[in-house]
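So for the sequence shown, my numbering puts the first residue at 24; every next one is plus one.
We put the beta carbon where it would ideally sit given N, CA and C, even for glycine.
The structure under discussion appears below in the form of structure tokens.
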Amino acid sequence: MASDLRDRLRAGFRWTDPGPGTDLLVSDRSGWWRDPLVLNGLGPGLAGLFPDATPTVVVSPEVTGFLVGPLVARALGVGFVEAYRAGARLPIAEPMTWARVPADHRGDGQQLGVRTRLIGPADRVLVVDDWAVTGAQARGLHDLLAALGATVTGTAVIVDECDPAVAAELGIRGLLTGADLS
24 MASDLRDRLR
34 AGFRWTDPGP
44 GTDLLVSDRS
54 GWWRDPLVLN
64 GLGPGLAGLF
74 PDATPTVVVS
84 PEVTGFLVGP
94 LVARALGVGF
104 VEAYRAGARL
114 PIAEPMTWAR
124 VPADHRGDGQ
134 QLGVRTRLIG
144 PADRVLVVDD
154 WAVTGAQARG
164 LHDLLAALGA
174 TVTGTAVIVD
184 ECDPAVAAEL
194 GIRGLLTGAD
204 LS
């Protein structure tokens with residue numbers, strides 16, 4: 024199943040050229056979300072990257088994490104907690120715990136926050152996202168979850184492009200690498 028899922032992820036992905044004025048290609052993951060077999064396999068596939076972990080909750084950053092995280096939580100039979108980006112919407116009207124995220128692959132810093140009441144010292148958290156390039160979001164979430172007393176069991180991503188030392192430090196494992204999508 025994992026090999027078939029990886030094949031479908033590669034087939035459903037493409038790089039697009041945003042046009043004049045840039046020499047960077049943009050990832051187009053829309054084929055993943057259109058494929059029901061990918062959607063069906065992502066939860067178990069990402070959960071399977073940490074077969075010995077026993078998380079009590081999955082935490083994922085917006086935007087794509089809000090799609091992928093619940094798929095993994097459902098596969099594990101645990102709950103899901105959203106990690107919001109500061110300034111992306113109206114403030115949430117309840118206590119939040121925030122952590123600064125180091126600059127990402129675009130050089131942008133940000134803050135991620137969770138509803139404080141939803142994570143505590145008894146929680147074992149699996150962080151889930153679609154892509155990791157620098158590990159910045161994972162690092163920010165690890166710091167945030169540690170501030171709440173929770174234990175992080177690992178970080179599962181669809182694509183892992185992190186430096187191996189960063190991936191090892193943050194427990195990042197991916198279904199694909201960047202080289203798989205070249």
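Determine, using beta carbons only, whether residue 82 and residue 101 come nearer to each other than 8 Å.
No; because the gap between Cβ atoms is not below 8 Å, this pair is not in contact.
Under 8 Å between the Cβ atoms of residue 168 and residue 135?
Contact: no.
Hey, out of 46, 94 and 151, whose CA is closest to residue 176's CA?
Among 46, 94 and 151, the Cα nearest to that of residue 176 is on 151.
Helix, strand or coil: which one does DSSP assign to residue 64?
Residue 64 falls in the helix class under three-state DSSP.
If we ignore side chains and look at the alpha-carbon of each, how far apart do residue 29 and residue 199 end up?
Computed Cα separation, rounded: 7 Å.
By DSSP's criteria, residue 134 is part of a beta bridge. Which residues make up the other side?
According to DSSP, residue 134 bridges with 123.
Sorted by chain position, which residues of the same chain lie with C-beta nearer than 6 Å to residue 93's C-beta, five sequence neighbours on each side aside?
Answer for residue 93: 103, listed in chain order.
Starting from the Cα of residue 171, find the closest Cα among 75, 156, 148 and 179 and give me that residue.
That would be 148, whose Cα lies nearest to the Cα of residue 171.
So, is residue 38 buried or exposed, given that buried needs 16 or more other C-beta atoms within 10 angstroms?
Exposed, by the Cβ-count rule.
According to the neighbour-count rule (16 or more other Cβ atoms, all chains shown, within 10 Å of its Cβ), is residue 173 buried or exposed?
It is buried - the Cβ of residue 173 has at least 16 other Cβ atoms within 10 Å.
Considering only residues of the same chain and omitting the five flanking positions on each side of residue 204, which have a CB-CB separation below 6 Å?
Taken in chain order, the residues that qualify are 36.
Closest to residue 125 by C-alpha separation, out of 46, 115, 164 and 87, would be which residue?
The candidate whose alpha carbon is nearest that of residue 125 is 164.
Hey, out of 121, 62, 130 and 143, whose CA is closest to residue 137's CA?
Comparing Cα positions, the closest option is 121.
In angstroms with no decimal places, state the Cα-to-Cα distance between residue 159 and residue 130.
So the alpha carbons of these two residues sit roughly 10 Å apart.
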